[in-house]
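Scroll down for the structure; my scribbles are underneath it.
2 protein chains.
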Amino acid sequence: MAYPGYLKKLVEALTRFPGIGQKSAQRIAFYLLGCSREDVVAIARAMIEAKDKLGFCSTCGSLAEAELCIYCTDLKRDNKLLCVVQEPRDVLVLERTGQYNGLYHVLHGALSPLDGIGPEELKLDKLVSRIKDKEISEVIIATNPNVEGDATAGYLARLLSPLLIRVTRIAFGLPVGGDIEYADDLTLSRALDGRREI
Amino acid sequence: MAYPGYLKKLVEALTRFPGIGQKSAQRIAFYLLGCSREDVVAIARAMIEAKDKLGFCSTCGSLAEAELCIYCTDLKRDNKLLCVVQEPRDVLVLERTGQYNGLYHVLHGALSPLDGIGPEELKLDKLVSRIKDKEISEVIIATNPNVEGDATAGYLARLLSPLLIRVTRIAFGLPVGGDIEYADDLTLSRALDGRREI
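Taken in order, these protein sequences are the chains called A and B. The opening residue of the first sequence carries number 1 in the working numbering; numbering runs sequentially from there. The opening residue of the second sequence carries number 199 in the working numbering; numbering runs sequentially from there.
Below, the structure is given as structure tokens:
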């Protein structure tokens, strides 16, 4: 196919985005060609600027505009409570609930022996020493409800048990607004396991 | 929600892409933050380079790296045959079939009175004079099979009728590999209309 070189390069770059296949990339490429040059430059600049100005907190691994993130430097937060998540974006999702006011720890991944990700890659030692140093009283594990997330949660629970602190994991069950009829077996059995008195 | 300013700006820029909503944009933004700076710069550069180096052919409106596109300057193509499409990407799709060896004309849109797109916006006069000047013998209309594409095809057919040339439209029917059971009513009735002797 006679695909001009610059278009091919752009489509290839765009297919590297998560969730973007060949067709979506081509659609976005043509959208960009139809934009004014200023608009394309603005989008390109937003990417580079975000990359240059945003980093990860040296303490907890959350997204940060400085050495430390806004959660680690916020004195009004409960510094006895630590929530462990897999990715920086999970912090934003938890913040959106407005329900949590403790600190965070971002693993930047989950245990996955097949992908060569072990406890060293997730720097779990650093997490343990942070919990010890800061006298955290409860660790809430909010890893994903899948094989890797479960393995990570189990490993962390064992790793933290000598510290004699409370280690919890967020609840699994039916999504609110969901319908029992459409729940998958695994979710439903976890919802049964996690039943509470009303 | 505590959404760092640069991330917000990036997510907003990405949601302008066709088919990208808030969640996909956030996912892409975090993907970019996880990339090396060189990779982000390479993607940004590919966008600006494509915008700077690619334009539209002054004759037919196809994507071009110069004043004229590779189709208009290709002497081996059948210059009596002209295919009218809505968008530059449609040219690439038709080229991929390897079945068509004529010239193209890209309207950069379709008639849509509700959006204020009339015959003037599509520069249909230019198309008519091109057909006259170049002594085109057949015009194949390959606008989309929807309301706007149908209206454009009908309008073009009437506009071109005084020229006494062959005006055709690509066939509608069941997609190859499809299943009659799952065909929608409109496609099926068009497939019946377009039936041919075997």
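We treat Cβ as the ideally placed atom computed from N, Cα and C, and that holds for glycine.
| query | result |
| --- | --- |
| Can you pull the chain B neighbours of Gly19 (chain A), defined as C-beta to C-beta under 7 Å? | Ser222, Arg225 |
| Could you please give me the residues that DSSP links to Thr366 (chain B) through a beta bridge? | B:Ile338 |
| Helix or strand or just coil, what does DSSP make of Asp348 (chain B)? | helix |
| Which one or two residues does DSSP pair with Leu397 (chain B) in a beta bridge? | This structure gives no information on residue 397 (chain B), because the portion of chain B shown stretches from 199 to 396. |
| Are the stretch 360 to 369 of chain B and the stretch 304 to 321 of chain B touching by the rule of at least three beta carbon pairs closer than 8 Å? | no |
| Roughly how many angstroms lie between the CA atoms of Asn101 (chain A) and Asp78 (chain A), to the nearest whole one? | 6 Å |
| What residue range does the alpha helix (DSSP H) around Glu49 (chain A) cover? | 37 to 53 |
| Using a Cβ-Cβ cut-off of 6 Å (strictly less than) and excluding sequence neighbours within five positions of Thr350 (chain B), which residues of its own chain qualify? | Ala308, Leu309, Thr341 |
| What span of residues does the alpha helix (DSSP H) with Phe229 (chain A) cover, start to end? | With chain A represented from 1 up to 198, any question about residue 229 (chain A) goes unanswered, as that position is not in the structure. |
| By the three-class DSSP mapping on this structure, what secondary structure does Ser161 (chain A) have? | helix |
| Go to Ser129 (chain A), then tell me how far its alpha helix (DSSP H) extends in each direction, as first and last residue. | 124 to 133 |
| Please list, in chain order, the chain B residues whose beta carbon lies closer than 7 Å to that of Arg89 (chain A). | Gln224, Phe228 |
| Can you list, in chain order, the residues of its chain with a C-beta nearer than 6 Å to that of Leu230 (chain B)? Leave out the 5 residues immediately preceding and following it. | Val238 |
| State the start and end residues of the unbroken alpha helix (DSSP H) segment that holds Asp383 (chain B). | 383 to 391 |
| Quick one: what's Ile180 (chain A) bridged to in DSSP? | Beta-bridge pairing links Ile180 (chain A) to no other residue. |
| Go ahead and pull the three-state DSSP assignment for Met1 (chain A). | Below a pLDDT of 50, predicted positions are generally treated as unreliable, and Met1 (chain A), at 44, falls in that range; the measurement from the model is reported next regardless. Coil at Met1 (chain A), not helix or strand. |
| Short check: CB of Cys267 (chain B) to CB of Cys258 (chain B), under 9 Å? | yes |
| In the stretch 246 to 260 of chain B, which residues sit with their C-beta less than 8 Å from some C-beta in chain A, listed in chain order? | Ile246, Glu247, Ala248, Lys249, Asp250, Lys251, Leu252 |
| Can you name the start and end residues of the alpha helix (DSSP H) that Leu290 (chain B) belongs to? | 286 to 295 |
| Could you check what DSSP says for Arg196 (chain A) in three-state terms: helix, strand or coil? | coil |
| Does Leu309 (chain B) come out as helix, strand or coil in the three-state DSSP assignment? | coil |
| Taking the straight line between their C-alpha atoms, what separation do you get for Met199 (chain B) and Leu188 (chain A)? | Reliability fails at Met199 (chain B), whose pLDDT of 44 lies under 50, so the model's placement of it is uncertain and the value that follows must be treated cautiously. Their Cα atoms are separated by approximately 31 Å. |
| Using three-state DSSP, classify Ala66 (chain A) as helix, strand or coil. | coil |
| Hey, out of B:Arg394, B:Leu301, B:Gly316, B:Lys321, whose CA is closest to Glu336 (chain B)'s CA? | B:Leu301 |
| If Leu7 (chain A) and Leu252 (chain B) are in contact, beta carbons under 8 Å, what's the gap, nearest whole angstrom? | 6 Å |
| Would you mind telling me which residues of chain A sit closer than 7 Å to Pro202 (chain B), beta carbon to beta carbon, in chain order? | Leu54, Leu63, Glu65 |
| Quickly, what does DSSP pair Phe254 (chain B) with across the bridge? List them, please. | B:Leu261 |
| Give the straight-line distance between the Cα atoms of Arg225 (chain B) and Ser62 (chain A), rounded to the nearest whole angstrom. | 15 Å |
| If you draw a straight line from the C-alpha of Ile141 (chain A) to the C-alpha of Gly194 (chain A), how long is it? | 16 Å |
| By the criterion of Cβ-Cβ separation under 7 Å, what are the contact partners of Val337 (chain B) in chain A? | What Val337 (chain B) touches in chain A: nothing, since even the nearest Cβ is about 22 Å away. |
| With distance defined between alpha-carbon atoms, name the residue in A:Tyr155, A:Asp133, A:Gly5 nearest to Leu122 (chain A). | A:Tyr155 |
| Using a Cβ cut-off of 8 Å, pull out every chain A residue sitting near Arg394 (chain B), in sequence order please. | Here the premise fails: no neighbours, minimum Cβ distance about 29 Å. |
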